[in-house]
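S.K.: Sending over a structure as structure tokens; questions will come in a sec.
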Amino acid sequence: MARFTFRGGIHPYEGKELSKDKPIRPYEEPKGDLVYPLSQHIGAPASPVVEKGDHVLIGQKIAEAGGFVSSPIYATVSGTVKAIEPRRVITGDNVMSIVIENDKEYESVEFSQPKAVEVLLKEEIINLIKEGGVVGMGGAGFPTHVKLSPKEPDKIDYVIANCSECEPYLTSDYRKMIEEPEKLVEGLSIILRLFDNARGILAVEDNKPDCVQILKKLTKDMERISVVALKTKYPQGAERQLIYATTGRAINSSMLPADAGCVVNNVDTIISIYNAVKLGRPLMHRIVTVTGDCIKDPVNFCVRIGTNYAELIEEAGGFVKEPEKIVSGGPMMGFAIFDTNVPCTKTSSALLCLSHDEVSHANETACINCGRCVEVCPGRVVPSRLADYAQNKNREAFEANNGMECCECGCCSYICPAKRQLTQSIKSMRRMILADRKKK
Ligand code: SF4
Ligand code: SF4
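Heads up, the sequence shown stops at 440 in our numbering, and the numbers go up one at a time, no gaps.
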């Protein structure tokens, strides 16, 4: 049963007014080289199928999946493979990448039109999604064909379209819902073909009443799809919170959504499924919101994957003031970046340029035991205590007190009057434990 919300959460400044009314603007002619990191998804890196000096066309596969949990990569311009070498990505790491020199001809392969969706077998649908290089575009980058292949597909009751876009400043999903709602609904219908017993839910936060209205109108005669308006609250789009708000089912960190009979995909991912299955087009573009008070003309760009971030800043009019902080993604869960000379990947949702970096100016003081971090924590843990355990490297106590249930949403750090960097400490401990578990 839908609850329409979840326990905890916060209401940060939304910042969406800067770009929400800006229609998607294609940025079709990148000036510099296009860079394609081979790891832009969770799982094994893709393996190059081109060599230095090769000439490639738009839509040509340049790297194939390196395993089942992996994803192929396609050229988004025509040109010459200039190098296959490590290049810096948003995390600051150097990742093996294919670099293509754009010949500015924009020549494309001929895409073959798949069979009509109605006659496609389930395996064929999954294969088109896999071959289309579709991954979770909300940030995680988990290969979508894996997500859509649970052990017991008959036990999936709900396919949830995550239309909440709860992170402040981000407006790419909002614009997609306004401009391409048919593709979203049709993409969801395609996923439903894989799960005979499931219902589709378009889960939208109630701060987007226009989207709720458009989607309700489009689905009014669709028996298997409904639109749910959720209470606006961060982190409504986090998988566990979304599942609870829409179905009343709870999952913990050791469960997958499929264990609760759910499959969750975000807006851009579902539209990419539509493009791959209906049109036979691999994932080559994505919407990137370039925004923040330092940007002259905040905008939602449709970019070719591989485009350099710095070009997008220039195209958005450049800086009107010096940014203290630049974030790839939203302010709550994104990555702070120190170099904008990095490529947009399948998971790049936004570039946020802010003149004030609250975190670096905050003076951390002692905990005053106010309990606010506990009140806002959607993971139902005690952040103040977990941060202490993390700082003291007390792994046993951290795990015993359910530290792994933290979803790294940042609500505790946001609310803490003592400005303690709670999330950062908890996150480091979680990462260490996860890496350890993976090794074992
Ligand atoms: S402990 Fe984790 S889940 Fe809880 S508020 Fe902090 S970051 Fe969010
Ligand atoms: S919000 Fe900050 S000050 Fe209040 S209990 Fe939590 S850690 Fe302590």
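Built from N, CA and C at the ideal position, the CB exists for glycine as well.
Because the structure is a prediction, the values reported are computed rather than measured.
So, do the stretch 343-355 and the stretch 308-324 have three or more beta carbon pairs nearer to each other than 8 angstroms?
M.R.: With the cut-off at 8 angstroms, the stretch 343-355 and the stretch 308-324 touch.
S.K.: Consult DSSP for residue 96 and reduce its assignment to one of helix, strand or coil.
M.R.: The count along the sequence shown starts at 1 and reaches residue 96 at position 96. Note: residue 96 maps to strand in three-state DSSP.
S.K.: Counting beta carbon pairs with one atom in the stretch 242-257 and one in the stretch 75-95, are three or more of them shorter than 8 angstroms?
M.R.: Short answer: they don't touch.
S.K.: Does residue 274 pass the burial test, meaning 16 or more other C-beta atoms within 10 Å, or should it be called exposed?
M.R.: Taking the sequence shown and counting its residues from 1, the one referred to as residue 274 is at position 274. By the neighbour-count rule (16 or more Cβ atoms within 10 Å), residue 274 is buried.
S.K.: Taking residue 105 and residue 78 to be in contact with their CB atoms under 8 angstroms, please state how far apart those CB atoms are, rounded to whole angstroms.
M.R.: The residue labelled residue 105 in the question sits at position 105 within the sequence shown. The residue labelled residue 78 in the question sits at position 78 within the sequence shown. Going by Cβ atoms, the distance from residue 105 to residue 78 rounds to 5 angstroms, so yes, they are a contact pair.
S.K.: Starting from residue 83, trace the alpha helix (DSSP H) in both directions and tell me its first and last residue.
M.R.: What you label residue 83 is simply residue 83 of the sequence shown in a count that begins at 1. Element bounds for residue 83: not the alpha helix (DSSP H) but the beta strand (DSSP E), 79-88.
S.K.: When burial is assigned at 16 or more other CB atoms within 10 Å of the CB, is residue 285 buried or exposed?
M.R.: As a first step, residue 285 is located in the sequence shown; it is residue number 285 there, counting from the start. Buried, because 16 or more other Cβ atoms sit within 10 Å of the Cβ of residue 285.
S.K.: Can you list, in chain order, the residues of its chain whose CB lies under 8 angstroms from that of residue 112, leaving out five sequence neighbours each side?
M.R.: Along the sequence shown, one-based indexing puts residue 112 at 112. So the qualifying residues of the chain are 280.
S.K.: In this structure, does DSSP put residue 361 in helix, strand or coil?
M.R.: Counted from its first residue, the sequence shown places residue 361 at position 361. DSSP places residue 361 in helix when its eight states are reduced to three.
S.K.: Just to confirm, are residue 242 and residue 5 a CB contact at a threshold of 8 angstroms?
M.R.: For the purposes of this step, residue 242 is identified with residue 242 of the sequence shown, where counting begins at 1. For the purposes of this step, residue 5 is identified with residue 5 of the sequence shown, where counting begins at 1. Their beta carbons are not under 8 angstroms apart, which means residue 242 does not touch residue 5 by this criterion.
S.K.: Looking at residue 263: is its Cβ nearer than 8 angstroms to the Cβ of residue 215?
M.R.: To locate residue 263, count along the sequence shown from 1; it is residue 263. To locate residue 215, count along the sequence shown from 1; it is residue 215. No, Cβ-Cβ distance for residue 263 and residue 215 is not below 8 angstroms.
S.K.: Let me know the secondary structure DSSP gives residue 395 once reduced to three states.
M.R.: One-based indexing of the sequence shown puts residue 395 at position 395. Looking at residue 395 - three-state DSSP - the assignment turns out to be helix.
S.K.: How would you label residue 276, buried or exposed, when you count the other beta carbons within 10 angstroms and need 16 or more for buried?
M.R.: Start at 1 with the first residue of the sequence shown, and residue 276 comes out as number 276. Looking at its Cβ environment, which holds 16 or more other Cβ atoms inside 10 Å, residue 276 is buried.
S.K.: May I ask you to list the residues that DSSP assigns as paired with residue 200?
M.R.: Position 200 of the sequence shown holds residue 200. In the DSSP output, where bridge partners are listed per residue, residue 200 has 159, 225.
S.K.: Using only the heavy atoms of ligand 3, determine whether one of them is closer than 7 angstroms to the beta carbon of residue 100.
M.R.: Judged by which ligands are present, ligand 3 is missing from the structure shown, whose ligands are ligand 1 and ligand 2.
S.K.: Pairs of beta-carbons, one from the stretch 31-43 and one from the stretch 9-21, closer than 8 angstroms: are there three or more?
M.R.: Because the criterion of three Cβ pairs below 8 angstroms is not met, the stretch 31-43 and the stretch 9-21 do not touch.
S.K.: Classify residue 145: buried if its beta carbon has 16 or more other beta carbons within 10 angstroms, exposed otherwise.
M.R.: In the sequence shown, the residue the question calls residue 145 occupies position 145. The residue in question, residue 145, is buried, as its Cβ has 16 or more Cβ neighbours within 10 Å.
S.K.: For a test of the three-state rule: what should DSSP assign to residue 356, helix, strand or coil?
M.R.: Position 356 of the sequence shown, counted from the start, is the residue given in the question as residue 356. Coil, per DSSP.
S.K.: If you scan the stretch 272-317 from start to end, which runs of the alpha helix (DSSP H) of 4 or more residues do you find wholly inside it?
M.R.: Listed in chain order, the complete alpha helix (DSSP H) runs (minimum 4 residues) inside the stretch 272-317 are 309-315.
S.K.: Near residue 174, which residues of its chain fall below 8 angstroms by C-beta distance, leaving aside the five closest residues on each side in sequence?
M.R.: Within the sequence shown, numbered from 1, the residue matching residue 174 stands at position 174. 16, 20, 165, 208, 211.
S.K.: Anyone know if the C-beta pair for residue 226 and residue 199 falls short of 8 angstroms?
M.R.: In the sequence shown, the residue the question calls residue 226 occupies position 226. In the sequence shown, the residue the question calls residue 199 occupies position 199. In this structure, residue 199 lies closer than 8 angstroms to residue 226 by Cβ.
S.K.: Leaving out five residues on either side along the sequence, give the residues of the same chain with a beta carbon under 8 angstroms from the beta carbon of residue 430.
M.R.: The residue given as residue 430 occupies position 430 in the sequence shown. Excluding positions up to five away in sequence, the list reads 403, 404, 406, 408.
S.K.: Taking the CB atoms as reference points, tell me whether residue 143 and residue 332 lie closer together than 8 angstroms.
M.R.: Residue mapping note: residue 143 aligns to position 143 of the sequence shown, counting from 1. Residue mapping note: residue 332 aligns to position 332 of the sequence shown, counting from 1. Contact: no.
S.K.: Using CA coordinates, which residue listed in 158, 290, 72 is at the minimum distance from residue 317?
M.R.: Along the sequence shown, one-based indexing puts residue 317 at 317. Looking at the Cα atoms, 290 is the closest of the given residues.
S.K.: With H, G and I counted as helix, E and B as strand and the rest as coil, what does DSSP make of residue 240?
M.R.: For the purposes of this step, residue 240 is taken as the residue at position 240 of the sequence shown. Correct three-state label for residue 240: helix.
S.K.: Just to confirm, is the Cβ distance from residue 282 to residue 132 under 8 angstroms?
M.R.: Here residue 282 refers to the residue found at position 282 when the sequence shown is read from its first residue. Here residue 132 refers to the residue found at position 132 when the sequence shown is read from its first residue. Yes, these two residues count as a Cβ contact at 8 angstroms.
S.K.: Extract the residue ranges of the alpha helix (DSSP H) inside the stretch 240-266, only unbroken runs of 4 or more that lie entirely within it.
M.R.: Fully enclosed alpha helix (DSSP H) runs of 4 or longer: not present.
S.K.: On the three-state DSSP scale, how would you describe residue 24?
M.R.: Taking the first residue of the sequence shown as 1, we reach residue 24 at position 24. Correct three-state label for residue 24: coil.
S.K.: Mind checking residue 294: buried by the 16 CB within 10 Å criterion, or exposed?
M.R.: To locate residue 294, count along the sequence shown from 1; it is residue 294. Classification for residue 294: buried.
S.K.: Suppose you measure from the CA of residue 270 to the CA of residue 235; what does that come to, to the nearest Å?
M.R.: Taking the first residue of the sequence shown as position 1, residue 270 is located at position 270. Taking the first residue of the sequence shown as position 1, residue 235 is located at position 235. The alpha-carbon atoms of residue 270 and residue 235 are separated by roughly 20 angstroms.
S.K.: Taking Cβ positions, are residue 139 and residue 411 nearer each other than 8 angstroms?
M.R.: Along the sequence shown, one-based indexing puts residue 139 at 139. Along the sequence shown, one-based indexing puts residue 411 at 411. Not closer than 8 angstroms, so no.
S.K.: Where residue 108 and residue 26 are concerned, what is the direct C-alpha to C-alpha distance, given to the nearest angstrom?
M.R.: In the sequence shown, residue 108 corresponds to position 108, counting from 1. In the sequence shown, residue 26 corresponds to position 26, counting from 1. If I take the Cα positions, the gap works out to 17 angstroms.
S.K.: Note down the Cα distance separating residue 313 from residue 319, rounded to an integer number of angstroms.
M.R.: In the sequence shown, the residue the question calls residue 313 occupies position 313. In the sequence shown, the residue the question calls residue 319 occupies position 319. Spanning the two alpha carbons is a distance of roughly 8 angstroms.
S.K.: So, for residue 161: in the same chain, excluding its five sequence neighbours on each side, which residues have a beta-carbon less than 6 angstroms away from its beta-carbon?
M.R.: For the purposes of this step, residue 161 is taken as the residue at position 161 of the sequence shown. Within the same chain, residue 161 has close Cβ partners 188, 202, 270.
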